[in-house]
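Protein chains in written order, with the working numbering: chain A, 1 to 370; chain B, 371 to 740.
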């Protein structure tokens with residue numbers, strides 16, 4: 001069992017959260033669109049959007065003024081609308097999409113200049129976590145650890161099934177009383193046989209994409225493993241947290257390498273650790289993973305709509321926006337989404353193709369926003 | 371071959387058209403709704419609604435002031451909008467839905483009082499006729515015939531396939547030079563084996579639901595075969611074509627028997643004749659018959675939309691209203707209609723159930739207008 005950890009007031013003041021909310025969610029068309037992507041949606045009908053739920057979760061591990069939201073500049077208004085308590089200065093605006101490494105480097109430099117050596121919890125804005133108490137307790141264990149160690153910690157979810165859509169982390173056996181383990185390997189999206197082997201071995205965890213480290217550790221890692229990216233962004237050191245920050249970022253950020261923190265840092269560093277966790281996590285990365293979390297009817301249909309007649313249909317994900325009325329008959333294993341003026345009908349097993357269907361349609365219509 | 375017939379000016383002045391436009395088209399939900407049923411739609415994307423096309427056709431066989439449109443009173447505005455040249459007094463408003471016999475009796479009495487013995491072409495408002503020249507010529511042959519004979523004539527379409535959704539008319543062999551034949555039997559919707567026998571025999575025609583007769587013949591037939599219905603409506607003789615007509619109809623019409631003219635008159639009368647015709651007719655009675663008339667792509671999909679990506683899909687009918695954008699993958703033999711806030715996805719072979727699906731949904735929502 002994990003040891004219980006509660007942060008003191010002083011510890012919280014040097015703990016920051018970075019919510020990464022810049023994705024465009026094209027796998028979830030037509031519910032998610034470039035103007036209004038997944039993290040800004042209440043995709044499971046809970047009453048709070050995924051961004052709002054992430055903010056609520058982060059509010060439990062640090063004080064609200066220490067929560068930063070990084071997003072593309074086009075989503076600034078959406079963030080402000082959905083998080084009215086967030087100070088405007090806590091929104092980090094990316095002028096271009098450059099994956100997670102530049103985003104994390106930018107936020108880390110900014111936070112390091114405010115409070116050198118602070119711990120940061122880095123989290124995607126669009127994941128699901130159902131056990132929020134467990135989440136808070138387990139994250140606090142990792143935060144405490146980063147206050148005394150220059151380790152890069154990732155949260156590794158104890159796997160529930162041989163999922164082929166996730167990344168896996170293999171950890172080294174070590175002291176059984178030490179909850180935080182050294183990482184041995186990372187494996188992206190294995191095939192089913194390999195995923196089964198991973199599960200059976202007991203050495204593998206799902207990579208949650210939630211990271212905890214202190215600013216010294218992560219900035220040293222950037223300097224060592226991504227020196228160009230680091231130099232590009234550290235150059236403006238004097239301008240961070242001043243009126244000149246945004247114009248520096250607008251100028252420098254677009255020339256940063258487009259690279260993920262997993263590939264650019266974690267797979268290269270020797271100080272990478274994992275905390276095995278369990279808190280009802282899903283990356284909600286595909287309709288399949290959303291289906292896992294949705295309530296099913298007697299025919300294994302996950303239906304979000306009350307104005308619907310469903311006849312002789314099984315194993316479908318069906319979602320209609322409010323006000324829509326539908327009759328659906330004779331479908332087995334489909335995704336049916338009607339949202340505004342947009343409609344998707346697609347076999348669940350083709351969910352990986354949705355993104356390319358959307359791209360093809362954009363090209364054929366000659367429109368960016370569909 | 372049919373003899374050519376063109377009506378003189380005098381003949382046209384005693385020829386009326388009755389367009390029956392009171393249906394609710396529930397087989398075509400969600401394109402057709404009780405507020406805006408099939409006859410008021412441009413279901414094949416021609417630029418004119420089915421009612422407008424019917425009006426255009428009738429304008430070729432009689433003068434516009436002799437065209438009457440019978441409809442339910444709730445559709446008066448739709449008729450006036452779609453047929454701006456139609457005098458308001460030519461719209462016969464039914465206060466209740468009572469099938470074709472009461473509608474035809476009402477119109478026949480009204481026309482008989484205006485011009486006794488006039489010929490009437492009775493036609494549904496929601497059928498398709500692609501060969502309009504042929505239609506006009508063949509109808510004129512029948513009209514000429516009714517000017518000299520008290521016969522009830524129905525147009526019998528030469529069958530193109532063993533269709534099981536239509537009614538069949540068997541005619542008696544007679545004088546080969548006489549185009550109009552005496553009717554032997556009526557058969558509603560035969561099974562496939564019987565339909566094949568009908569086609570092979572050469573004695574059967576599809577019942578088009580288009581009738582031609584003079585007012586003496588049809589009113590005598592009503593008096594004889596539907597005496598209650600006849601008495602109920604003839605009672606107000608003095609009020610027809612006066613300011614008192616509508617209030618008489620509003621009072622008396624609802625108590626008329628709910629019966630079709632086929633069952634109530636044609637199957638009982640001994641003076642029923644059929645003119646074999648051929649003018650690209652379809653009753654557009656089901657999605658299947660609409661599919662027959664629609665242009666298909668290389669995969670036999672009939673698609674009405676330009677904002678759509680269709681992947682690995684065959685034999686579907688797909689229609690989206692303007693402005694909608696869709697991605698459809700992996701469907702074979704479905705009807706997919708997205709119209710306003712309404713969506714239907716249903717196998718083509720279940721098209722006969724659409725009407726009952728709609729009724730079930732109405733009941734479960736507790737709403738009449740869906």
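Positions of the beta carbon are idealized from the N, C-alpha and C atoms, including for glycine.
Do you know how far the Cα of residue j is from the Cα of residue i?
i: residue 724(B); j: residue 21(A); result: 44 Å
i: residue 542(B); j: residue 554(B); result: 6 Å
i: residue 43(A); j: residue 277(A); result: 24 Å
i: residue 373(B); j: residue 510(B); result: Unreliable positioning characterises residue 373(B) in this predicted model, as indicated by a pLDDT of 43, which lies under 50. The coordinate reading is nonetheless provided below. The alpha-carbon atoms of residue 373(B) and residue 510(B) are separated by roughly 10 Å.
i: residue 244(A); j: residue 261(A); result: 26 Å
i: residue 225(A); j: residue 97(A); result: 21 Å
i: residue 721(B); j: residue 350(A); result: 27 Å
i: residue 302(A); j: residue 326(A); result: 15 Å
i: residue 678(B); j: residue 32(A); result: 17 Å
i: residue 188(A); j: residue 168(A); result: 6 Å
i: residue 444(B); j: residue 34(A); result: 43 Å
i: residue 425(B); j: residue 393(B); result: 16 Å
i: residue 536(B); j: residue 462(B); result: 28 Å
i: residue 1(A); j: residue 689(B); result: Caution is warranted here: a pLDDT of 34 is assigned to residue 1(A), below 50, making its placement in the model unreliable, and the coordinate value is therefore given only provisionally. Cα-Cα distance, rounded: 58 Å.
i: residue 547(B); j: residue 460(B); result: 38 Å
i: residue 13(A); j: residue 99(A); result: 28 Å
i: residue 423(B); j: residue 398(B); result: 18 Å
i: residue 598(B); j: residue 626(B); result: 8 Å
i: residue 78(A); j: residue 283(A); result: 21 Å
i: residue 138(A); j: residue 149(A); result: 17 Å
i: residue 616(B); j: residue 442(B); result: 12 Å
Would you say residue i and residue j are within 8 Å of each other, going by their C-beta atoms?
i: residue 344(A); j: residue 30(A); result: yes
i: residue 388(B); j: residue 495(B); result: no
i: residue 488(B); j: residue 513(B); result: no
i: residue 682(B); j: residue 700(B); result: yes
i: residue 534(B); j: residue 565(B); result: yes
i: residue 145(A); j: residue 281(A); result: no
i: residue 15(A); j: residue 62(A); result: yes
i: residue 439(B); j: residue 411(B); result: no
i: residue 217(A); j: residue 271(A); result: yes
i: residue 240(A); j: residue 115(A); result: no
i: residue 215(A); j: residue 151(A); result: no
i: residue 730(B); j: residue 710(B); result: no
i: residue 64(A); j: residue 250(A); result: no
Quick one: is residue i near chain B, going by C-beta distance under 8 Å?
i: residue 215(A); result: no
i: residue 245(A); result: no
Using a cut-off of 8 Å between C-beta atoms, extract the partners of residue i located in chain A.
i: residue 694(B); result: 341, 342, 343
What residues from chain A crowd round residue i, counting only those whose CB sits closer than 9 Å?
i: residue 698(B); result: 343, 344, 345, 346
i: residue 689(B); result: The contacting residues do not exist; residue 689(B) stays about 11 Å from chain A at best.
At 8 Å on the CB atoms, spell out the chain B contacts of residue i, in chain order.
i: residue 360(A); result: 679
i: residue 357(A); result: 679, 681, 697, 699
Give the residues of chain B in contact with residue i, contact being defined as C-beta atoms less than 7 Å apart.
i: residue 365(A); result: 677
i: residue 350(A); result: 699, 700
Are any of the Cβ atoms in chain A nearer than 8 Å to that of residue i?
i: residue 387(B); result: no
i: residue 673(B); result: no
i: residue 373(B); result: In this prediction, residue 373(B) has a pLDDT of 43, which is less than 50 and means its spatial position is unreliable; nothing more can be read from the coordinates.
i: residue 743(B); result: As shown, chain B starts at 371 and ends at 740. That puts residue 743(B) outside it, with no answer to give.
i: residue 706(B); result: yes
Below 7 Å on C-beta distance, what does residue i contact in chain A?
i: residue 740(B); result: 325
Could you check how far apart the C-beta atoms of residue i and residue j are, in whole angstroms? I think they sit under 8 Å.
i: residue 156(A); j: residue 206(A); result: 7 Å
i: residue 670(B); j: residue 685(B); result: 5 Å
i: residue 381(B); j: residue 517(B); result: 7 Å
i: residue 581(B); j: residue 644(B); result: So it is not a contact: roughly 10 Å between Cβ atoms.
i: residue 622(B); j: residue 606(B); result: 6 Å
i: residue 37(A); j: residue 45(A); result: Their Cβ separation, rounded to whole angstroms, is 17 Å, which puts residue 37(A) and residue 45(A) out of contact at 8 Å.
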